[in-house]
Each structure stands twice: as structure tokens, then as C-alpha cells.
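Peer 1: Residue numbers (this note's numbering), protein chains in the order written: chain A, 761 to 1068; chain B, 1225 to 1750.
Dumping the structure here so I can ask a few things about it.
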């Protein structure tokens, strides 16, 4: 596969604080690439460096083989995208906004504008002033704007913000179609793994300005899937812990006055239950705890609760 | 290049859709129309009060009545004098009383002459007023001389000369021959032993100018007649001041410099002012448009342009101060940054758009001023502006003069909006940029006036002085000095050469633009 967006050794400091630390990854044509990380991990900063908002302290950004630093305009001509929330000129209509943006690119016809408006389903309200739009509508127009000039790389920063479930699904379909049919490299950032799961082909996880890992979404899901928990409602809990400790000590994930949580798959539940029963622990119930993708994600990123 | 043009088109679309911009322009235009109408009616009322109600006939009638009262008074005095003479004992010396009597008789004769010919008392246009006065004094001189019991040879010669002169003057007045009268005055000057040859030339030159200035034929007596005469007299005395300044090497116009001899610059200045004044006088252009209180149209036009300039300052500072910061605040800058254009092109497009607005508002305000003024007073152009360089006078036609004046008044606006633009790029805060620029604009003129009063040398290096190009390049020297003397003798403009100011402004603009570009192109947009 051909890499259309290559990031190599990218670093950025704000003052003395290093926000992006030597990150590298590639995005290929025809894939939806997820850029996953908690708030403050550096997702938007990375995107802003790629899109020319922030200067690049160190490292290289190459778009379709063109170095961004050396040939800014030619490289940027291949990128389309939305950074944070889509912002437009509020006193102008969506259509005028699109036309203004189209003027800055070569070869965007009026037809193409109409086509993109139709693609995001805004044809009925495109002549209204942007200040009357909801966030979701702005997202739609923003997306139309981002794809107007048929970019080879489409970069979207948290694109599902403000969209209703139907809108999210539409967006997902549009992105998949762009990637798989038109061979666009779609780069989507998000802090929601569940969203990524449905949208992306491959994800990279960023935390504290570093890339923790980069793998196909299926592998990540498989990794998460292995981590299933079961909650044993038992009495007395102390006795149960005693009994379980030798064999399951490392798998005990939580406890309270009524239950013990074990990180084991279904296959091992009878075994554990038998052990407890044999040692005089009353079992009132066993329930499967669905570990959410978010929790798995938190596990991978080591909590991620503190924004540094 | 086409990217730059596309950006420029976008900027213009954004600007034109700005409600506040349209609003400010509309308010300015409405204010201009309102001002025009107001001026038309207040000034009209004032000038009605001054003049139009009084017809030429009324003036003449008043004049006659006044003369009659003077003649009557003379009659009473004469009667009293006659009684005094009669009361004197025989053989007493009556000569001084007789001279007094002759004086009164002559005065009555003179007033009668004025009355018969409808010559106004204090008439400055009709030379016969002055000539008849001269005649009276000659006659009294002659009478005084003739009262002497014995005349020596010199005195008899003098008497004969007086007789001849009286006859000649009588003849001139009778024929109403102005050139002949001037010739007579010139001969008098030549004959005056007290005058140096320099003085003689000067006086004769002034007489020539007087001939050139006098309208031929004289206008009929009307409300304007008096002010016409007054202007003529003012002009003559101004020319005399300038000429004597040159002769005595001292600038008599500015009270402060009386003690200092003229330097070459001051001399050249006076020569230029003189050339301009002479040109005006010769071409029937009033010495000063601004000080001519009858010239309502001129005053209104200046006011209209002042209002327009003020509106344009607010408009452009507002647009300039928000050009970059408001886009960053609202986030709409994103669509520009994401687009494949280098940042310097974004700045340049914004600047060109602002310059376009600057030019457009200049043209609009010029057109609106002329239109409003024209609708109120008619489109007849007023008198030209006259300036002189190297002793040669040049004329700028009325409408062109106002065009250039307004254009020069727009130069500071250019500087202020670039300043606001720079602040917008540096602070990224619209309120601060607009507020600071407005503050500097309003404080600037106050501070300058204040500093000028103290003639602080270092104030020359403040930017404000250098922005008043319109007043420095196109200020009428006559008006300037007249206004200056009203304000206590200080000159509102800098002594520095205009070229220095122009270079100063260019350097300042360059620095501000560099700062703006550097700040926008290099700093992160977070």
C-alpha cells in the first residue's frame, strides 16, 4: 500500500513543555486511520502541525511524497480537513462559504460544490446563514468543505462531535466510501474507541505526546476481547479471597462486601465456582462484566486520567 | 498570484457583508447630508442677516442721510465759528480761525460731492473718495499758505505748484480718471524726498497692484460692495506687509520673529507668499477662501469632508483592527490556514482589501461631499487654490484642490489602519486593537497641539506632526498666518521639511507592516 501521509520524528514544545515527542506513523491510501487518545494527549496538536497551524519544531511531514516544509502550497493542496470544530463565516451562507473555500483551490467547479453538499445531505439548507446552523449541520458543511477539492488525505478531528446517531452513521458511511472507493487516506482522531471500532481500519494510540502503539483495529479488539471479567457474588468474601488467592491471585480485579471480580473467560468460570463451592463459600450468583472498550483503552493508556 | 487574487476576492466578499461597515458608512453619509442642509440654512440665515435684505438703494439712502447729518453738524460748527470771528476786535489775527473756517467749508464741499455722486463714506473701491479727500487737504494747504501776509520765492513756487495740482486733481475727479490719479500719486512718490529709492519702487509697485486689483467697471453698490472693498484693502495691506518684510529683512507677519533677521528659507517663503498673493490679486481670487465669511459653500465643503474623513477613520480602524484578530477569535481563520496558501498571502490579501476600502471610501466621501455641497449651493466651482514655488505662482482648480486636500487628509487614515492592522496581528485581540488605535487617533491631535504650543523640539519625532500633510502642503499661507495670529502666534505645523515627514511616514509604515507580517506568518495559531 502507498503511504500518502508520512509523519517522521515529529516533535513540538510549548515553552519548555514537550507536547509531541518524536512521533512517527504512516497513513495509507484507501484506509480509515484512527488516531486515538485521551483529552490532552496531543491529537489536535499533531493535526494542527500537519495542517500548518503550528510550526514544526522537529521532524518531517510528507504528503503524497511532498515535504510540507519545502513545498507548503503543493503539499497542502492534497489535504482537506476539519480541525476541532468547523468554523465558518457566520454572516455568510454555507454555500458562499464553500465557494470562498473553493476559490482557493484549483479546479473546483460549481457542480462539484453541489455534489459535495448533496453528499453530506445539506442541499436543503445550504443557502442559510451559517449562524443558523446547529453544530451537526456545521459538521456536515465542514465535511463538504474538506472534500471539495478531492484531497488525497482527509483529516478529521473528532468529526462525530455534535452529530446525532443517524448523522454519525452517515458520516461513517461517507468516510468508508471515500477511503475504500476513492482511495482517500482518511485520518480521524477521537477519544472514543467505540466509534473507532466501527469506522477505522487501523488505529494508533497516542498518550502524553507519544505513540503507544499502532495496529489494525481488529487486533486491538481481539486484545480487548480477551479481557472479560466475571463477578462472583459470594459470602463470606474474606473466605473466598483466601480460597482464590493461590490460583487466581493475579486475576482478582476488585472486591466489595458482597462480591469478587475475576478477570477470567467463560471457560474458566465453572472451575473457579467449583473451587469456591468446595471450600464452603456460598455462591449467590455469577455475572459477566462487560469490560467496555473505553476501559480497555484506559488500560492501554495506563489510566489517562491525569492530563499532563 | 491567482491564489492571492482569490484570497483578495474572498476578503472583499467578507468586508462587503460586514453589517457594521455598511452601517458606519451610511451614518457618515447621513451625517454629511444633514450637515450640508444645516449649514445651508444657518449660513444662509446669517448672510441674509448681513446683507441680502439691504438693497443697493437702501445703502445709498442711508449714506445720504448720514452725510446730511454730517453736513448739518458742519453748518452748526461754521455758524459758531463765524460768531467767534465776528466777535473779534478789528485788526486781530484771524488767520487761524479763518483756516479753521476754510477747513469746515471744504469738508462740507467734500461731503456734498460724495452725496451728489453717491460715493459711500469709507468707500474703498471708488478712488474718488480718496482723491476728493486729497483734494481737500491740498486746498486747505493752499489756503493756509495764501493766508501768509508775505510769500518768499520758494513759497510762491509752492503755491503755484499747489494751484496746478489742485486743478489737475479737480480735472481727474471730474473725469473719474483712475489711471491718471495713479500717475499723479506716482509723481508724488517720485517727488517725495523723504523716501529712499527702494521705498519709492515699493510704493509704486503697490500702486500698480492696486490698479490690477480694482474691478473694471466698478460693481454696482450692493451688500457685497463693502466687503469687496474691505478685501481689497486687506489684500493691499497684506502685500505691503510682505514687501516691507522683504525690504527690511524681517518677517512682520509673525510677532515672534520680529527681532530675528530673515534667513534664506524665510526669505524664500515670503517671496513665495508674495507671488501667490499677487497672483490671487491679479486673477480676482480672494486672498483667503477660509476666512471669507461670505463663502458658505467653501466652509460647508470643508466641513463635509471633515465629517467624511472622521467616518472613514472609524471604519478603517475598525476593519483593520479586526482583520486578523476577529478571524482568530471566531475560528474562521481555520478555513484559510487549511487552504493551500502561504500565510504571507493571507496577510497581503487582507491588506489589499483594506487599501481597496480606503480608496473606495475616499472616492465615496469626495463624491458625496461634492454632491451634497453642489445640491445645496450649486456646482459652480469656487476660486482656485494658489501656491508658489521658487517665486512662481501656480493655481489648482477648486475641485482638484479639494480632491488633493482630501487625499492628503486620508494619508493619516492609512497610517492608522495599518497601525490597527499591526495591533490586530500582534495582540490577536480586536477590542484592544481598535481601542488603542482610536485612542491614539484622538489623543494624537490633542497632544500635538499641546506640544506645538511649547515648541518642544523632540515633539518633531512623534508621528502625529508628520501626518498633517494636508495642512502643511496645502495650507494657504495667508490663512495660516491669520489663523496663527488668532491662536497667539504659534504655527500649527512643523518646521521640518515635508520630505522628512514623507520619509518618516514610509519608514513607520514599513516597520508596522513588517511587524504584522512577521507576527502572523511565524506565530502558531493555537
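Glycine residues also receive a C-beta, built at the ideal position from the N, C-alpha and C atoms.
Using beta carbons (cut-off 8 Å, strictly below), is residue 851 of chain A in contact with chain B?
Peer 2: By 1-based counting over the first chain, the position of residue 851 of chain A is 91. By this cut-off, residue 851 of chain A is an interface position.
Peer 1: Is residue 915 of chain A near residue 836 of chain A, with beta carbons less than 8 Å apart?
Peer 2: For this step, residue 915 of chain A is matched to residue 155 along the first chain. For this step, residue 836 of chain A is matched to residue 76 along the first chain. No; because the gap between Cβ atoms is not below 8 Å, this pair is not in contact.
Peer 1: Which value, in whole angstroms, describes the spacing of the CA atoms of residue 1451 of chain B and residue 1648 of chain B?
Peer 2: Your numbering for residue 1451 of chain B matches position 227 in the second chain. Your numbering for residue 1648 of chain B matches position 424 in the second chain. Cα to Cα, the separation comes out at about 54 Å.
Peer 1: At the 8 Å Cβ level, is residue 1032 of chain A part of the contact set with chain B, yes or no?
Peer 2: Walking along the first chain from the start, residue 1032 of chain A turns up at place 272. Chain B, which has no Cβ nearer than 8 Å to the Cβ of residue 1032 of chain A, makes this no.
Peer 1: Rank B:1233, B:1583 and B:1616 by C-alpha distance to the C-alpha of residue 1632 of chain B and give the top, closest one.
Peer 2: Position 408 of the second chain holds residue 1632 of chain B. Closest option to residue 1632 of chain B, Cα to Cα, is B:1583.
Peer 1: Whole-angstrom Cβ separation of residue 1654 of chain B and residue 1527 of chain B, contact assumed at under 8 Å?
Peer 2: Stepping through the second chain from its first residue, residue 1654 of chain B is reached at position 430. Stepping through the second chain from its first residue, residue 1527 of chain B is reached at position 303. Their Cβ separation, rounded to whole angstroms, is 31 Å, which puts residue 1654 of chain B and residue 1527 of chain B out of contact at 8 Å.
Peer 1: Using DSSP's beta-bridge definition, name the partner residues of residue 976 of chain A.
Peer 2: Position 216 of the first chain, counting from 1, holds the residue named residue 976 of chain A. BP columns for residue 976 of chain A point to A:962.
Peer 1: Exposed or buried, what is residue 708 of chain A when buried is set at 16 or more other beta-carbons lying within 10 Å of its beta-carbon?
Peer 2: The structure shown does not extend to residue 708 of chain A, since chain A is modelled only from 761 through 1068, so no value can be given for it.
Peer 1: With DSSP collapsed to three states, give me the class of residue 769 of chain A.
Peer 2: Counting from 1 along the first chain, the entry for residue 769 of chain A is found at position 9. If DSSP states are grouped into helix, strand and coil, residue 769 of chain A belongs with the strands.
Peer 1: Compare the C-beta of residue 1545 of chain B with all C-beta atoms of chain A and state if any pair is closer than 8 Å.
Peer 2: Counted from its first residue, the second chain places residue 1545 of chain B at position 321. By this cut-off, residue 1545 of chain B is not an interface position.
Peer 1: DSSP three-state label for residue 1316 of chain B, please.
Peer 2: Here residue 1316 of chain B corresponds to residue number 92 of the second chain, with the count starting at 1. Coil.
Peer 1: By alpha-carbon positions, which one of B:1630, B:1448, B:1749 and B:1599 ends up nearest to residue 1699 of chain B?
Peer 2: Your numbering for residue 1699 of chain B matches position 475 in the second chain. The residue with the shortest Cα to Cα distance from residue 1699 of chain B is B:1630.
Peer 1: Could you confirm whether any beta carbon from chain B is found closer than 8 Å to the beta carbon of residue 865 of chain A?
Peer 2: Walking along the first chain from the start, residue 865 of chain A turns up at place 105. Judged by the 8 Å Cβ criterion, residue 865 of chain A is in contact with chain B.
Peer 1: Which of helix, strand or coil does DSSP assign to residue 885 of chain A?
Peer 2: Here residue 885 of chain A refers to the residue found at position 125 when the first chain is read from its first residue. Coil at residue 885 of chain A, not helix or strand.
Peer 1: Flag residue 897 of chain A as yes if its beta-carbon sits less than 8 Å from any beta-carbon of chain C, otherwise no.
Peer 2: Included in the structure are the protein chains A and B, with no chain C among them.
Peer 1: Using a threshold of 8 Å, state whether the C-beta atoms of residue 1496 of chain B and residue 1628 of chain B are closer than that.
Peer 2: Locating residue 1496 of chain B in the second chain gives position 272, where the first residue counts as 1. Locating residue 1628 of chain B in the second chain gives position 404, where the first residue counts as 1. No. Outside cutoff.
Peer 1: At a cut of 8 Å, does the stretch 1281-1299 of chain B reach the stretch 1352-1364 of chain B through at least three beta carbon pairs?
Peer 2: Segments in contact, no.
Peer 1: What's the call for residue 887 of chain A, buried or exposed, on a 16-neighbour Cβ count within 10 Å?
Peer 2: One-based indexing of the first chain puts residue 887 of chain A at position 127. It counts as exposed.
Peer 1: So, is residue 1315 of chain B buried or exposed, given that buried needs 16 or more other C-beta atoms within 10 angstroms?
Peer 2: To locate residue 1315 of chain B, count along the second chain from 1; it is residue 91. Classification for residue 1315 of chain B: exposed.
Peer 1: Per DSSP, residue 1241 of chain B is paired with what?
Peer 2: As a first step, residue 1241 of chain B is located in the second chain; it is residue number 17 there, counting from the start. In DSSP, residue 1241 of chain B forms no bridge with anything.
Peer 1: Could you tell me the alpha carbon to alpha carbon distance between residue 1662 of chain B and residue 786 of chain A, rounded to whole angstroms?
Peer 2: Here the question's residue 1662 of chain B lines up with position 438 in the second chain. Here the question's residue 786 of chain A lines up with position 26 in the first chain. Spanning the two alpha carbons is a distance of roughly 51 Å.
Peer 1: Apart from the five residues on each side of it in sequence, which residues of its chain come closer than 7 Å, Cβ to Cβ, to residue 849 of chain A?
Peer 2: Numbered from its first residue, the first chain carries residue 849 of chain A at position 89. Cβ neighbours of residue 849 of chain A beyond the five flanking positions: 857 and 890.
Peer 1: With DSSP run on the structure shown, which of helix, strand or coil describes residue 848 of chain A?
Peer 2: Numbered from its first residue, the first chain carries residue 848 of chain A at position 88. Looking at residue 848 of chain A - three-state DSSP - the assignment turns out to be coil, as it is neither helix nor strand.
Peer 1: Give me the residue from B:1469, B:1281 and B:1359 with the minimum Cα distance to residue 1488 of chain B.
Peer 2: The sequence position of residue 1488 of chain B within the second chain is 264, counting from 1. For residue 1488 of chain B, the nearest C-alpha among the options comes from B:1469.
Peer 1: Do we get a CB-CB distance below 8 Å when we pair residue 1577 of chain B with the residues of chain A?
Peer 2: As a position in the second chain, residue 1577 of chain B is number 353, starting the count at 1. So, not an interface residue.
Peer 1: In this structure, how does DSSP classify residue 831 of chain A when only helix, strand and coil are distinguished?
Peer 2: Along the first chain, read from residue 1 onward, the residue named residue 831 of chain A stands at position 71. It is coil, neither helix nor strand.
Peer 1: Mark residue 1682 of chain B as exposed unless 16 or more other C-beta atoms lie within 10 angstroms of its C-beta, in which case mark it buried.
Peer 2: One-based indexing of the second chain puts residue 1682 of chain B at position 458. By the neighbour-count rule (16 or more Cβ atoms within 10 Å), residue 1682 of chain B is not buried but exposed.
Peer 1: Could you name the residues of the same chain whose beta carbon sits closer than 8 Å to that of residue 955 of chain A, not counting the 5 residues immediately before and after it, in chain order?
Peer 2: Along the first chain, read from residue 1 onward, the residue named residue 955 of chain A stands at position 195. If we look at residue 955 of chain A and ignore the five residues flanking it on each side, its Cβ neighbours are 920 and 928.
Peer 1: Please list, in chain order, the chain B residues whose beta carbon lies closer than 7 Å to that of residue 813 of chain A.
Peer 2: For the purposes of this step, residue 813 of chain A is taken as residue 53 along the first chain, with counting starting at 1. Per Cβ cutoff of 7 Å: 1561, 1748 and 1749.
Peer 1: Just the Cα atoms here: how many angstroms apart are residue 940 of chain A and residue 1637 of chain B?
Peer 2: Here residue 940 of chain A refers to the residue found at position 180 when the first chain is read from its first residue. Here residue 1637 of chain B refers to the residue found at position 413 when the second chain is read from its first residue. Those two C-alpha atoms are separated by around 56 Å.
Peer 1: Classify residue 1022 of chain A: buried if its beta carbon has 16 or more other beta carbons within 10 angstroms, exposed otherwise.
Peer 2: The residue labelled residue 1022 of chain A in the question sits at position 262 within the first chain. Buried, by the Cβ-count rule.
Peer 1: Distance check for residue 1562 of chain B and residue 764 of chain A, CA to CA, integer angstroms please.
Peer 2: Here residue 764 of chain A refers to the residue found at position 4 of the first chain. Here residue 1562 of chain B refers to the residue found at position 338 of the second chain. In a straight line, the C-alpha of residue 764 of chain A is about 17 Å away from that of residue 1562 of chain B.
Peer 1: Alpha carbon to alpha carbon, what distance is there between residue 874 of chain A and residue 1725 of chain B?
Peer 2: Sequence index remark: in the second chain, residue 1725 of chain B carries index 501 (1-based). Sequence index remark: in the first chain, residue 874 of chain A carries index 114 (1-based). Their Cα atoms are separated by approximately 54 Å.
Peer 1: Jot down the residue ranges of each uninterrupted alpha helix (DSSP H) in the stretch 1007-1049 of chain A, minimum 4 residues, whole runs only, in chain order.
Peer 2: With a minimum length of 4 residues, the continuous alpha helix (DSSP H) runs that stay inside the stretch 1007-1049 of chain A are 1029-1038.
Peer 1: Ignore the nearest five residues each way along the sequence and tell me which others in residue 1735 of chain B's own chain have a CB closer than 6 Å to its CB.
Peer 2: Locating residue 1735 of chain B in the second chain gives position 511, counting from the first residue. There are no such residues.
Peer 1: Look at the Cβ atom of residue 1227 of chain B, then the Cβ atom of residue 843 of chain A, and state whether they are nearer than 8 Å.
Peer 2: By one-based count along the second chain, residue 1227 of chain B stands at place 3. By one-based count along the first chain, residue 843 of chain A stands at place 83. In this structure, residue 843 of chain A does not lie closer than 8 Å to residue 1227 of chain B by Cβ.
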